[in-house]
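**Student:** Before I ask anything, let me first share the structure, which is written out below as structure tokens.
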Amino acid sequence: TASFVGPALCTVLDRESTFPEPTLWVTLAVAFLMERYGAMHLQLLSTTNRVIWHTASAGYSAIFLTSLVTMNELLPTGAYQIPVSMILGNCFYVPFSVWNSFRSFPPRFLEFEGRVSLPAFFAMFVVCVFLIILPW
Numbered sequence: 031t032a033s034f035v036g037p038a039l040c041t042v043l044d045r046e047s048t049f050p051e052p053t054l055w056v057t058l059a060v061a062f063l064m065e066r067y068g069a070m071h072l073q074l075l076s077t078t079n080r081v082i083w084h085t086a087s088a089g090y091s092a093i094f095l096t097s098l099v100t101m102n103e104l105l106p107t108g109a110y111q112i113p114v115s116m117i118l119g120n121c122f123y124v125p126f127s128v129w130n131s132f133r134s135f136p137p138r139f140l141e142f143e144g145r146v147s148l149p150a151f152f153a154m155f156v157v158c159v160f161l162i163i164l165p166w
């Protein structure tokens, strides 16, 4: 909501500061959706009394912190360091969580993904397309 209302609000309030560009919002949104998707699978797996949160979080944290420290000169602005580092950390966290979750549940689990995850991914895609295509 902030990414849609923010630029107009800054104009109305006649602020001298600029609102963050849509690509930053898209990057943050993708990072948080990945994190929520992985966490959903870890929570589901935890219902089986198999708790692997510490392993998933340790892998995520190691990648996140390493990329955060080493990414200083690679990105155009420092604002992108955190969301890009989150995405890189989630490149371990999500597959690790999903793989362990899929191993513990029956094949009908794909139906669950279609009902639960697919609408969220589709909504995220639509919002990201609007943020990037619409001129602000």
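My numbering numbers the first residue of the sequence shown as 31 and each following residue consecutively. For every residue, glycine included, the Cβ atom is placed at its ideal position computed from N, Cα and C. Since the structure is predicted, the reported quantities are computational estimates derived from the model, not experimental observations.
Measuring alpha carbon to alpha carbon, tell me which residue in Thr53, His71, Thr57, Glu103 is nearest Arg133.
**Tutor:** His71
**Student:** In chain order, what residues of the same chain lie with their CB nearer than 8 angstroms to the CB of Asn120, ignoring the 5 residues before and after it?
**Tutor:** Ala61, Met64, Glu65, Gly68, Tyr90
**Student:** Rounded to whole angstroms, how far is the Cβ of Tyr123 from the Cβ of Ala86, which I believe are closer than 8 angstroms?
**Tutor:** 5 angstroms
**Student:** Excluding the 5 residues preceding and the 5 following Ser127 in the sequence, name in chain order all residues of the same chain whose CB lies nearer than 6 angstroms to its CB.
**Tutor:** Gly68, His71, Leu72, Ala86
**Student:** Do Ser115 and Leu98 count as a contact pair if the criterion is CB distance below 9 angstroms?
**Tutor:** yes
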